[in-house]
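The sequence shown finishes on residue 277 if you use my numbering, and the numbering steps up by one all the way, no holes.
Quick reminder that beta carbons are idealized off the backbone N, C-alpha and C, glycines included.
These figures come from a predicted structure and were not determined experimentally.
See below for the structure under consideration.
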Amino acid sequence: MEEIYNVRFFNKFCRLCDDSYNRGWNEANGGNLSYRMSEFDVDEVRKYFSYERDWQDIGVTVENLAGEYFMVTGSGKYFKNTKEEPDDNVCIIEIDSTGTKYRIVWGLVNGGRPTSELPTHLMNHSVKKDITKGKNRVIFHNHPIHTISLSFVLDLDDRTFTRELWDMMPECPVVFPRGVGVVGWHTPGSIEIAEETAEKMKRFDVVVWAGHGVFCAGESFDRVFGILDTVEKAATILCNVKAMGGKKWRVTKEQVMTLYENYGIDVDGTFFD
Ligand code: 2HA
Ligand code: ZN
């Protein structure tokens, strides 16, 4: 355990769980994290794997993930405990050759299964692997206070959320230049929410689940943490602004687009039209 813990991706995974818990984004067993391991990662830790646990149905088909390995948080497990006891709280799973089943090859030593949101995680990985030509590796789900609060007062559409959050800080369109997708309320862990989120992930790296939380996708642990940190900070400012009586002005399309054109950032200007 000591040794696997010192491997870089493993350490970064646990560190993100800890940082996220300390930000207040993961109460109790809230939230989940998954990482699509590289061949290099698998080679580094394969000596710790065992193959006696049974194959289980994923519930969805993810053909382009066949044969891949993922590090994932456990269902019912706490982000808070991940750093101290990773072998009790996380696992590494292998996807079978058909992309319909998985088996645990490391971790969850006291029993359990991968996150209840596994279908959404794997469908998101499947979409993002294709779109980013393999660069995307991390999917991160969490329950940040202000973003969830806004999902009860803003219209539940991509355009409203994107514009409202972008308006709060010039950093926002830099960190999420494609905007924010919004999904209405669905049963957590369901196939419906997995399918709807995966559809949104074709366009966005951030998807808000109304009355529930956020899903972020990125090529690294730093990237997904950075996205969520920025989204939630903008949401916090917006909650404050609304509590103080609302905006007295807002940035114009010209102000925003000129700034990003100067820096060569491809911000999706259609959200202003
Ligand atoms: O409890 O966050 O969405 C884990 C979750 C389910
Ligand atoms: Zn959740």
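Worksheet item: For ligand 1, is there a heavy atom less than 8 Å away from the beta-carbon of G138?
Response: In the sequence shown, counting from the first residue as 1, residue 138 sits at position 134. Not so, every heavy atom of ligand 1 lies at least 8 Å from the Cβ.
Discussion item. Taking only three categories from DSSP, how would you classify H216?
Written reply: As a working note, residue 216 is residue 212 in the sequence shown. In the structure shown, H216 sits in coil (DSSP, three-state: anything other than H, G, I, E or B).
Worksheet item: For F44, is the classification buried or exposed, using 16 other Cβ atoms within 10 angstroms of its Cβ as the cut-off for buried?
Response: Indexing the sequence shown from 1 puts residue 44 at position 40. Result: exposed.
Practice prompt. Pick helix, strand or coil for H147, following the three-state DSSP scheme.
Written response: Numbered from 1 along the sequence shown, position 143 holds the residue referred to as residue 147. Correct three-state label for H147: coil.
Fill in: Reduced DSSP category for T136 - H, G, I as helix; E, B as strand; rest coil
As a position in the sequence shown, residue 136 is number 132, starting the count at 1. Coil at T136, not helix or strand.
Practice prompt. Decide if F156 is buried, meaning its Cβ has at least 16 other Cβ atoms within 10 Å, or exposed.
Written response: For the purposes of this step, residue 156 is taken as residue 152 along the sequence shown, with counting starting at 1. By the neighbour-count rule (16 or more Cβ atoms within 10 Å), F156 is not buried but exposed.
Worksheet entry | Proximal residues to V46 (C-beta, below 7 Å), its chain only, five neighbours per side dropped | On the sequence shown, position 42 is the one that residue 46 refers to. If we look at V46 and ignore the five residues flanking it on each side, its Cβ neighbours are Y73.
Worksheet entry | For T77 and T136, believed in contact at Cβ under 8 Å, the rounded distance | Along the sequence shown, one-based indexing puts residue 136 at 132. Along the sequence shown, one-based indexing puts residue 77 at 73. Not quite, the Cβ-Cβ distance comes to about 22 Å (not below 8 Å), so this is no contact.
Worksheet entry | Cβ shell of G340 (< 6 Å), same chain only, five flanking positions each side left out | Outside the shown range of the chain (5 to 277) lies residue 340, about which nothing can therefore be said.
Fill in: Residue environment, M41, which counts as buried when at least 16 other CB atoms sit within 10 Å
Taking the first residue of the sequence shown as 1, we reach residue 41 at position 37. Buried is the label assigned to M41, since at least 16 other Cβ atoms lie within 10 Å of its Cβ.
Worksheet item: If you drop the 5 nearest sequence neighbours on each side, which residues of the same chain put their C-beta closer than 6 Å to that of E98?
Response: Walking along the sequence shown from the start, residue 98 turns up at place 94. Closer than 6 Å at the Cβ level, and outside the excluded window around E98, lie Y73, R107 and V109.
Discussion item. With three or more C-beta pairs closer than 8 Å as the rule, is the region 213 to 231 touching the region 133 to 149?
Written reply: yes
Worksheet item: Where does G230 sit, in a helix, a strand or coil, going by DSSP?
Response: Taking the first residue of the sequence shown as position 1, residue 230 is located at position 226. If DSSP states are grouped into helix, strand and coil, G230 belongs with the helices.
Discussion item. To test your reading of the DSSP string, which unbroken beta strand (DSSP E) runs of 3 or more residues are found completely within the region 152 to 224?
Written reply: 185 to 187, 210 to 213 and 217 to 222
Discussion item. Shorter than 8 Å, the distance from the beta carbon of N128 to the closest heavy atom of ligand 2, or not?
Written reply: Here residue 128 is taken as the residue at index 124 of the sequence shown, counted from 1. Distance from the C-beta of N128 to the nearest heavy atom of ligand 2 is not below 8 Å.
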